[in-house]
Amino acid sequence: MKQHLILHVIAKIMIPFIMVFALYVQFHGDYGPGGGFQAGVIFGAGFILYGIVFGKEATMKIVPPPLVYTTAALGVLLYTGVGVAGMFLGGEFLNYSVLSADPVAGQHLGILLIEFGVGMTVASVMVILFLSFADYRQPDSQDTD
Amino acid sequence: MLSLHLSALQVVIPLLAAPLCAIIRRPGITWLIALAVGIASCINSIAILLHINRFGEIVYSLGGWAAPFGIEYRIDSANALILLIISFIYLLGIIYAPVSIKSEVPEKSQGWLYTAWILCFTGLSGITISGDVFNVFVFLEVSSLSTYILISFGQDKRCLSAAFRYLVMGTIAATFYLIGVGFLYSLTGTLNMADLAQRLPDLISQNTVAVAFGFVIVGLAIKMALFPFHAWLPNAYAYAPNAVTAFLAGTATKAAVYVFIRLIFEVFPEDYFSGFTSSHHIILAVGIISAVITSAVAIFQNELKRLFAWSSIGQIGYIAVGVGLASTAGVAASFLHLFNHAIMKTAIFMAIGGLFIVTGSTTTAALKNAGRRMPWTMAAILIGGLSLIGVPFTTGFISKWYLVSASLEQNFWWLAGLILLGSLVTAAYVWKIVEIAYFRKDPNEQVVRQEAPLSLLIPTWILVVANIYFGIDARFSGSIATQAANTILGISP
């Protein structure tokens, strides 16, 4: 799709808005509809749109696979880490109330971090899925780029 | 408080380790992490068992939200036993892995393999200790998804279609289970096992309960590879890397069997399984048919891993027979056989992995002269085989003894006869192996002694020795299995 000028321009305009909206869904998830899963998918969709319009190689330059694998794992690690922090501070696993002196503030902090971990992993996995399937070619099909 | 954390740590430690491995991805370091997880989990599961023996069951509310609203982990002697099996088989599997994996999996994939392995262990531990039916589903998916990955690391390209087939079957199983859970939730408004057990007796005559029961049972039967739903297992075991097969054979179906027993006897009302729906007849029939027929299928296999995979389906059949008897003695026999079968089958698959390292093949033809060429490796397969038959002084004998006495308790003479017939059929395929390995001698041939590497032989022989030890002195395994059955069936000891 390298020759479609309109697609290039529109995609370049759209992608920042998609990502800002993803961050809104991410951090507003405590109060309104949203959360890590939805935000992660939207954020990942930004990269996927870029990948569809500008090609796989360009996308791999922005998000190299080793980096995405690492962020996918870091998200899970953040999730578990917050849970373990609760255990060290005297609560149960994933008990956010003990994360701060004020239990309500602790719950806020906990869910924010947990959802951030979820969002990070989901966004990374979306990109990994896209890149893996973009790699796939039928054994004897012509390269029709 | 610290002692209560034990239950959460069983899941949290591997859950922390798995993403760490995914970040590091170097075979050596990820293996060390996996090993550390194994050691920690074994100590942890022993501590849990001791704690339960002294203070009774452990109840842990995740996130500080009390049940029935929050998720709780609930461990009594039944899951403590399964946890112990899973942890020890995992540790021995990891000790066994490096040499075996190196011969089959390219180095750049090994880090991912250990990551998936730790995740699989996370899922299996979670299934075992969770007291929440939906949480069980989540862990079932964690363990299944990582199992598909583990199988697809196999050397033979056919492992991919085996993994895909298992993926389709496993997804159907998980869906069935989830539909059943959904029906239960719509009826009772709770997902907590203890809470469900309290609310279901009032609703016993509703059809929804029966539908939920059917869905849950079929879903779990697929996961545990009970007879008509076993089709995914032979290929999955045959094409997975040897170390992975050894681990899966000892653990994967066991966790599903445990949930099966827990749900039908404890969560569903008392006598629902055996009295109200009379479905215990079906499980009993399926179990005994499976035990005899799949063992007969095993006779005709020429690939050792596939042969013993078919034998695994048969052994699950024996476990189902114990469940189908629906008595304390029957369920105790099932738990005992879970324990014993994990020991013997893992040892056999480990020894087959050793055979593969030496001969580069796992067909029965590779066994030629194996009795003289690698006496220790071959003896491990032989003792495992004898144990499958149920020869005295092996754990298999103890299992059969419990199972036969449980069936005689209900005057099922025909059942005892069929169990012994199953043993005879087992003897046929074990004899086939023995004959090739020990008696097909070519007098002119020089045989060079060439044993499997020590790092493979040691974990194998730990299990072989355990097999013989628990075959002679079954006080530990027998008493804990009986205790587990008493807990599940709600009989105070």
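Protein chains in written order, with our numbering: chain A, 26 to 170; chain B, 540 to 1032.
Heads up, the beta-carbon is just placed ideally off N, CA and C, and yes, glycines get one too.
These numbers come from a predicted model, not from an experiment.
Chain A contact for residue i (CB, 9 Å cutoff)
i, result
"Leu559 (chain B)", "yes"
"Ile634 (chain B)", "no"
Partners in chain A for residue i, counting only beta-carbon separations shorter than 9 Å
i, result
"Tyr599 (chain B)", "Glu117 and Phe118"
Interface residues of chain B facing residue i [CB-CB closer than 7 Å]
i, result
"Ala98 (chain A)", "Pro558, Ala561 and Ile562"
"Ser125 (chain A)", "Within chain B, no residue comes near Ser125 (chain A); the closest Cβ sits about 14 Å away, beyond 7 Å."
"Gly108 (chain A)", "Val551"
"Ser122 (chain A)", "Gly603"
Cβ of residue i within 9 Å of any chain B Cβ
i, result
"Gly54 (chain A)", "no"
"Val152 (chain A)", "no"
"Tyr49 (chain A)", "no"
"Gly61 (chain A)", "no"
"Leu156 (chain A)", "no"
"Met39 (chain A)", "no"
"Val101 (chain A)", "yes"
"Asp170 (chain A)", "In this prediction, Asp170 (chain A) has a pLDDT of 43, which is less than 50 and means its spatial position is unreliable; what the coordinates show is noted afterwards. With 9 Å as the cut-off, Asp170 (chain A) does not count as an interface residue toward chain B."
"Gln167 (chain A)", "With a pLDDT of 49 at Gln167 (chain A), under the threshold of 50, the modelled position of that residue is not reliable, and the figure given next carries that caveat. Chain B, which has no Cβ nearer than 9 Å to the Cβ of Gln167 (chain A), makes this no."
"Asp160 (chain A)", "no"
Span separating the alpha-carbon of residue i from that of residue j
i, j, result
"Phe812 (chain B)", "Leu739 (chain B)", "13 Å"
"Ala991 (chain B)", "Lys907 (chain B)", "15 Å"
"Ala619 (chain B)", "Ile668 (chain B)", "8 Å"
"Phe52 (chain A)", "Gly65 (chain A)", "11 Å"
"Val553 (chain B)", "Gly567 (chain B)", "First, the amino acid is wrong: residue 553 (chain B) is Pro here, not Val. Straight-line Cα distance between these residues: approximately 17 Å."
"Thr903 (chain B)", "Thr84 (chain A)", "50 Å"
"Leu684 (chain B)", "Ile1007 (chain B)", "35 Å"
"Leu960 (chain B)", "Trp953 (chain B)", "10 Å"
"Ala886 (chain B)", "Glu643 (chain B)", "19 Å"
"Phe888 (chain B)", "Leu843 (chain B)", "9 Å"
"Pro998 (chain B)", "Tyr687 (chain B)", "25 Å"
"Ala159 (chain A)", "Ser682 (chain B)", "27 Å"
"Gly106 (chain A)", "Leu114 (chain A)", "12 Å"
"Gly709 (chain B)", "Gln985 (chain B)", "48 Å"
"Ile562 (chain B)", "Ser125 (chain A)", "29 Å"
"Phe799 (chain B)", "Ala605 (chain B)", "25 Å"
"Ile761 (chain B)", "Phe768 (chain B)", "5 Å"
"Leu706 (chain B)", "Asp127 (chain A)", "46 Å"
"Ala579 (chain B)", "Thr898 (chain B)", "35 Å"
"Ala520 (chain B)", "Gly893 (chain B)", "Because chain B here runs from 540 to 1032, residue 520 (chain B) falls outside it and cannot be looked at."
"Gly80 (chain A)", "Ser926 (chain B)", "59 Å"
"Ala1005 (chain B)", "Gly721 (chain B)", "42 Å"
"Leu663 (chain B)", "Met39 (chain A)", "43 Å"
"Leu102 (chain A)", "Ala837 (chain B)", "44 Å"
"Phe874 (chain B)", "Gly1017 (chain B)", "9 Å"
"Val123 (chain A)", "Val143 (chain A)", "21 Å"
"Leu119 (chain A)", "Tyr776 (chain B)", "36 Å"
"Leu652 (chain B)", "Ser994 (chain B)", "19 Å"
"Arg988 (chain B)", "Ala556 (chain B)", "40 Å"
"Pro645 (chain B)", "Phe62 (chain A)", "34 Å"
"Phe807 (chain B)", "Asp734 (chain B)", "11 Å"
Listed by chain order, chain B residues near residue i by CB distance under 8 Å
i, result
"Met112 (chain A)", "His544, Ala547 and Val551"
Any C-beta of chain C under 9 Å from that of residue i
i, result
"Ile887 (chain B)", "Going by chain labels, chain C is absent from the structure shown, which instead holds the protein chains A and B."
For the region 543-569 of chain B, list every residue whose C-beta sits within 7 Å of some C-beta in chain A, in sequence order.
His544, Ala547, Val551, Leu554, Leu555, Pro558, Leu559, Ala561 and Ile562
Which residues, in chain order, does the region 603-615 of chain B contribute to contact with chain A at a C-beta distance below 8 Å?
Gly603
Which ranges would you report for the beta strand (DSSP E) in the region 586-627 of chain B if only whole runs of at least 3 residues count?
597-600 and 611-614
Contact set between the region 64-93 of chain A and chain B, restricted to residues whose Cβ is under 8 Å from the partner
none
Continuous beta strand (DSSP E) assignments of at least 3 residues falling wholly in the region 791-846 of chain B:
none
Note down, one range per segment and in chain order, each alpha helix (DSSP H) of at least 4 residues found wholly within the region 915-953 of chain B.
934-948
Identify every run of the alpha helix (DSSP H) within the region 993-1024 of chain B, keeping only runs that are complete inside it and at least 4 residues long; order them along the chain.
993-1011
Sequence ranges, beta strand (DSSP E) only - wholly within the region 633-711 of chain B, length at least 3:
none
At which residue ranges does the region 707-795 of chain B contain complete alpha helix (DSSP H) runs of 4 or more residues, listed in the order of the chain?
732-738, 746-762 and 772-778
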